[in-house]
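Chains as they are written, first to last, in UniProt numbering: chain A, 1 to 227; chain B, 1 to 227.
Built from N, CA and C at the ideal position, the CB exists for glycine as well.
Protein chains: 2
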Amino acid sequence: MEKRSFTSYRNPAIAVDLVVFGYHSEQLSILLLNRKEAPFKGRWTLPGAFLGLEETFRQVCQRILETKLGIADLYLEQLYSFDQPNRDPRGRVLSVAYFALVNPDHYDITAGEMANDVKWFSMEELPRLGFDHTTIVQMAAERLRAKILYHPVGFELLHHEFTLPELHRLYETILGIPIDRRNFRRKILDSGYIVMTGEKKTGAQHRHPDIYQFNSNIDPGNFTINI
Amino acid sequence: MEKRSFTSYRNPAIAVDLVVFGYHSEQLSILLLNRKEAPFKGRWTLPGAFLGLEETFRQVCQRILETKLGIADLYLEQLYSFDQPNRDPRGRVLSVAYFALVNPDHYDITAGEMANDVKWFSMEELPRLGFDHTTIVQMAAERLRAKILYHPVGFELLHHEFTLPELHRLYETILGIPIDRRNFRRKILDSGYIVMTGEKKTGAQHRHPDIYQFNSNIDPGNFTINI
DNA sequence: ACAAAAGTGTTCTAACTACACCCATGA
DNA sequence: TCATGGGTGTAGTTAGAACACTTTTGT
């Protein structure tokens, strides 16, 4: 870090881009923004913003979530920093990507300034994205698949109360593989990370499943499950 | 990424900092650089350099390794990006940290321009570091501990040929826990990642251990070991 | 012959896999 | 009563943990 006068060089711009995961109708989805300006005008992209000189990455994430998407207080984790020199046609822009997990109770994308330009897309049918955002999304999906095995991700993606079959489908959806119902149930229950509420979810024309909650007395940092 | 004229703002500087891991005398070590300039003059820090407008992170890593340390062609992996606004007293500097693994066959730190100011420090007795580099090193060590379980890290840190007790001690050192010799041997051999050369390492005043190599016919991406 | 470290096998236990039947509900 | 999906248990197999003695070498 020597031999360079501190302010004498121009520096790349820094963007923070967000992969916001949600889970609806048994599908894993992400939030995309329809660009109104060049480059990639009319193309879907990850929501993002430039980093101000005094800002932290998380502050930019909050700014994007609040002003553009009308969401607050999510699970946020840094994913990776992208540095391809040509990734933005306007010039050198680095992207620090974060991913977020939204609980359906906590979002209301119609509240953001850009509500009309924001849409959930199922991971199964993503459009062609601008910039290198397809790469970013792929990496985020891989990270989520790894993460679900050692962090109780369901807590962030499901309602406060949920049924075991719902949690089971969430795991099958994210991992993309079938998982034996009975073994899954045993492993999750043995882990102690969820507890029955005693309620049952009514309405369906079949046996009413038990309703569970995540066990708040237990450290999420120690969670592990082997599928 | 809207609403901002592209060149009208000043941007933070970007540093790339390197945690270079080596393994010598049964100790995990990292390379540190003694700073000759403020800030933190006289303090040990991670080797680093500023990102030029046209450079990629890996190019900066190569530049640091070649010019400062006289090393080339290492295993390199992006660790994390650090954004604390006050992490550099000179002003806003982001740090994109990478970590590297050096095989003792491949390094010669006396060849770099700054050979006199570069030194290996055991992870057991690190000095107080400048900037937020202690945090970076801790995170790198955690990443390495995780990585050793699903990537044959020994391949990067040991000589081309090595004995099983050497590999065993490497795992114990990095993970910081004792590992049963016999179970370790069985698991590593069953994984197929190493093969006997038929040679034995002579010299010691006890039974001569067999010499192994990593199996180059096998995909390092599929390696896993449960300790 | 002795000290020092390397090589080797077995038993026990825990965890995972595979698998099929009964139960509760609303239509 | 029937269709749908939820709840439950067991037997077989595999993988990991714990553990001690024998072998080779140089002094």
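With a threshold of 7 Å between beta carbons, is residue i in contact with chain A?
| i | result |
| --- | --- |
| Pro85(B) | yes |
| Leu53(B) | yes |
| Ala13(B) | yes |
| Arg186(B) | no |
| Val16(B) | no |
| Ser25(B) | no |
| Thr56(B) | yes |
| Val118(B) | no |
| residue 228(B) | Limits of chain B in this structure are 1 at one end and 227 at the other, which puts residue 228(B) out of reach. |
| Arg92(B) | yes |
For residue i, list the residues DSSP reports as bridge partners.
| i | result |
| --- | --- |
| Ile30(B) | Phe21(B), Phe121(B) |
| Lys200(B) | Asp210(B) |
| Leu126(B) | In the DSSP output, where bridge partners are listed per residue, Leu126(B) has none listed. |
| Thr45(B) | Leu33(B) |
| Thr163(B) | Ile211(B) |
| Phe82(B) | Ser95(B) |
| Lys76(B) | For the record, residue 76(B) in the displayed sequence is Leu; it is not Lys. According to DSSP, which records beta bridges pairwise, Leu76(B) is partnered with Ala100(B). |
| Phe50(A) | Ala15(A) |
| Ile194(A) | Phe214(A) |
Tell me whether residue i is buried or exposed, calling it buried when 16 or more other Cβ atoms sit within 10 Å of its Cβ.
| i | result |
| --- | --- |
| Lys68(A) | buried |
| Ala204(B) | exposed |
| Leu157(A) | buried |
| Asn183(B) | exposed |
| Ile177(B) | exposed |
| Asn108(B) | The residue asked about is misnamed: residue 108(B) is Asp in this sequence, not Asn. Asp108(B) comes out exposed. |
| Asp190(A) | exposed |
| Arg181(B) | exposed |
| Phe83(A) | Looking at the sequence provided, one finds Asp at residue 83(A) rather than Phe. Looking at its Cβ environment, which holds 16 or more other Cβ atoms inside 10 Å, Asp83(A) is buried. |
| Ala146(A) | exposed |
| Ala72(A) | exposed |
| Arg128(B) | exposed |
| Pro152(A) | buried |
| Met1(A) | With a pLDDT of only 42 at Met1(A), under 50, the local geometry of the prediction cannot be trusted, and the value read off the model is given with reservation. Buried is the call here. |
| Gly91(A) | exposed |
| Ser25(B) | exposed |
| Asn116(B) | exposed |
Please identify the residue among the options whose C-alpha is closest to the C-alpha of residue i.
| i | options | result |
| --- | --- | --- |
| Leu170(A) | Gly192(A), Arg58(A), Phe40(A), Ile227(A) | Ile227(A) |
| Val96(A) | Gln59(A), Gly70(A), Ile71(A) | Gln59(A) |
| Leu94(A) | Ser122(B), Leu76(B), Leu51(B) | Leu51(B) |
| Gln78(B) | Pro89(B), Met114(B), Leu18(B) | Leu18(B) |
| Phe162(B) | Asp105(B), Phe121(B), His151(B) | Asp105(B) |
| Tyr23(B) | Tyr80(B), Ala141(B), Arg63(B) | Ala141(B) |
| Asn217(A) | Ile225(A), Tyr193(A), Asn103(A) | Tyr193(A) |
| Asp132(A) | Ala115(A), Pro89(A), Lys119(A), Thr110(A) | Pro89(A) |
| Arg35(B) | Gly48(B), Ile188(B), Gln138(B), Pro165(B) | Gly48(B) |
| Glu37(B) | Gly130(B), Ala13(B), Phe21(B) | Gly130(B) |
| Asp210(B) | Phe223(B), Phe21(B), Val195(B), Met114(B) | Val195(B) |
| Leu65(A) | Phe99(A), Asn86(A), Gly91(A) | Phe99(A) |
| Glu54(A) | Asn86(B), Thr135(B), Phe57(B), Gly70(B) | Asn86(B) |
| residue 240(B) | Arg10(B), Ile30(B), Ala15(B), Ala13(B) | In the structure as shown, chain B starts at 1 and stops at 227, and residue 240(B) therefore has no counterpart that could be examined. |
| Leu126(B) | Gln138(B), Phe223(B), Asp117(B) | Gln138(B) |
| Phe121(A) | Phe223(A), Leu33(A), Ala13(A) | Leu33(A) |
| Glu199(A) | Gln213(A), His206(A), Arg186(A) | Gln213(A) |
| Arg186(A) | His206(A), Thr197(A), Pro165(A), Thr202(A) | Pro165(A) |
Beta-carbon of residue i versus every beta-carbon of chain B: anything under 7 Å?
| i | result |
| --- | --- |
| Glu2(A) | Caution is warranted here: a pLDDT of 42 is assigned to Glu2(A), below 50, making its placement in the model unreliable, and the coordinate value is therefore given only provisionally. By this cut-off, Glu2(A) is an interface position. |
| Ser81(A) | yes |
| Arg43(A) | no |
| Val153(A) | no |
| Val19(A) | no |
| Val96(A) | yes |
| Arg63(A) | no |
| Arg10(A) | yes |
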